[in-house]
Amino acid sequence: MKAQARSLGFEACGIADALPPIDPEGRLDAWLQSGYHADMAWMARTRAVRLNPQAWLPGARSAVVVLRNYFRSFPPSAPAAARVARYAWGRDYHRALAAPMKRLAACLNACAPGVQSRICVDAGPVLERAWAARAGIGWIGKNSLVLRRDLGSWFVLGVVLTTLPLAPDAPIQNHCGSCTACVDACPVGAIVAPGVVDSRRCISYHTIENRGDVPESVQDAMGAWVFGCDICQEVCPWNCKTPETTLPDFAPREGVWNVSLEDLLFMDEAEFNRRFAGSAIRRAKYAGIRRNARIAQRNRSQMKRTEQMEQSGK
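When you line the sequence shown up against the working numbering, it's residues 132 to 445, in that order.
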């Protein structure tokens with residue numbers, strides 16, 4: 132099965148037992164009870180299913196977890212460019228992983244009569260990161276992302292739940308140690324405990340999921356980020372040597388990875404839909420991206436005024 136996964140373009144594959152408990156430490160419940168999910172009400176609504184894969188796929192016995200590296204390095208964006216999280220530079224990863232995930236599920240179904248499988252690419256009631264850690268794909272870092280020694284955290288995950296019993300892999304050791312680079316670098320203090328992120332403070336949450344007003348404290352810290360945020364990944368020591376992906380799906384699209392604030396501020400909704408067709412950026416909606424661009428423009432103007440004042444004072 133792992134060889135099949137690699138032949139489909141996945142860099143790694145791990146297997147976990149799908150029998151409960153899925154979250155023995157109660158991390159999801161603690162996160163929800165603390166209100167760290169902000170207004171993502173679906174996280175609370177789907178709690179029971181996330182903790183019981185049998186409710187999503189009756190008879191589930193195994194979880195096959197795969198990943199694809201999306202890392203691409205580029206020279207710094209032009210001063211007028213907005214900041215976009217790396218995973219959104221190319222094709223929407225939900226779409227990019229769908230076809231190979233379906234083929235992997237078909238392979239599992241063909242292993243024995245009556246086998247059923249169901250895929251999830253960050254769009255269903257599945258705790259992908261918990262499954263990844265359980266399957267030995269990586270460990271949960273202090274920034275709550277899954278980390279590997281060879282790829283850091285620059286990858287997207289896919290999970291196939293299946294009724295086929297498979298030999299599980301062992302979890303791997305956490306290699307974060309005493310490092311607090313991600314915690315220290317977060318400009319809004321969103322990492323409130325090792326592996327715990329308070330969405331109410333998180334730039335990524337506010338630029339993508341929040342449909343209302345962004346708190347002033349977060350606006351000031353957003354800089355030029357208009358979709359997502361990579362700060363906690365960019366400072367992680369494990370992300371320093373990630374090889375660049377060669378997958379065409381994750382090739383940076385011109386006018387997406389380096390879109391200018393001016394373009395975002397002045398494009399109409401039809402142009403937004405055309406420019407970002409097939410891109411994860413559409414998740415934030417036209418109104419959300421324009422709101423983010425206005426905040427980023429204000430931050431950039433403020434930074435220029437501060438620089439001018441500092442220079443005039445010399």
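Quick reminder that beta carbons are idealized off the backbone N, C-alpha and C, glycines included.
Assigned exposure category for L292 - 16 Cβ within 10 Å defines buried: L292 comes out buried.
Which term fits D344, buried or exposed, when burial requires 16 or more other beta carbons within 10 angstroms of its beta carbon? Classification of D344: exposed, given that the 10 Å Cβ count is below 16.
Run through DSSP, which three-state label would F407 get? If DSSP states are grouped into helix, strand and coil, F407 belongs with coil.
Cβ shell of A424 (< 7 Å), same chain only, five flanking positions each side left out: Shown here for A424: same chain residues with a beta carbon closer than 7 Å to its own, the five before and five after excluded, namely A213, V357, L392, L395 and L396 in chain order.
Would you report the Cα separation of K273 and P325, rounded to the nearest angstrom? Straight-line Cα distance between these residues: approximately 4 Å.
Hey, would you say W285 sits closer than 9 Å to V387, going by beta carbons? For W285 and V387, no; Cβs fall outside 9 Å.
Give the DSSP-derived three-state secondary structure of C238 in the structure shown. Three-state DSSP puts C238 in a helix.
I'd like to confirm the pairing. Which residues does DSSP put opposite T293 in its beta bridges? Answer is S193 and S248.
CA-to-CA distance, M440 to R431, given in whole angstroms: When rounded, the distance between both Cα atoms is 14 Å.
Have a look at M232 and A161 and give me their C-alpha separation to the nearest angstrom. If I take the Cα positions, the gap works out to 31 Å.
Closest Cα partner of V215 within the set A411, A418 and Q433: Distances from the CA of V215 to each of A411, A418 and Q433 were compared; the closest alpha carbon is that of A411.
What does a CB cutoff of less than 6 Å around A227 pick up in its chain, not counting 5 residues either side in sequence? Counting only residues of its own chain and dropping the five nearest sequence neighbours on each side, A227 has a CB closer than 6 Å to the CB of D380.
Using only the alpha-carbon positions, how far apart do E347 and V319 sit? The C-alpha of V319 is placed about 11 Å away from the C-alpha of E347.
Pick helix, strand or coil for G419, following the three-state DSSP scheme. The answer is helix: DSSP assigns G419 an H, G or I state.
How about A147: is its C-beta nearer than 9 Å to some C-beta of chain B? Absent from the structure: chain B. Only one protein chain is present.
Measure from the alpha carbon of M171 to the alpha carbon of each residue in R384, E340 and G289, then state which is nearest. When each option's Cα is compared against that of M171, the closest is E340.
Could you have a look at W285 and say whether DSSP puts it in helix, strand or coil? Coil at W285, not helix or strand.
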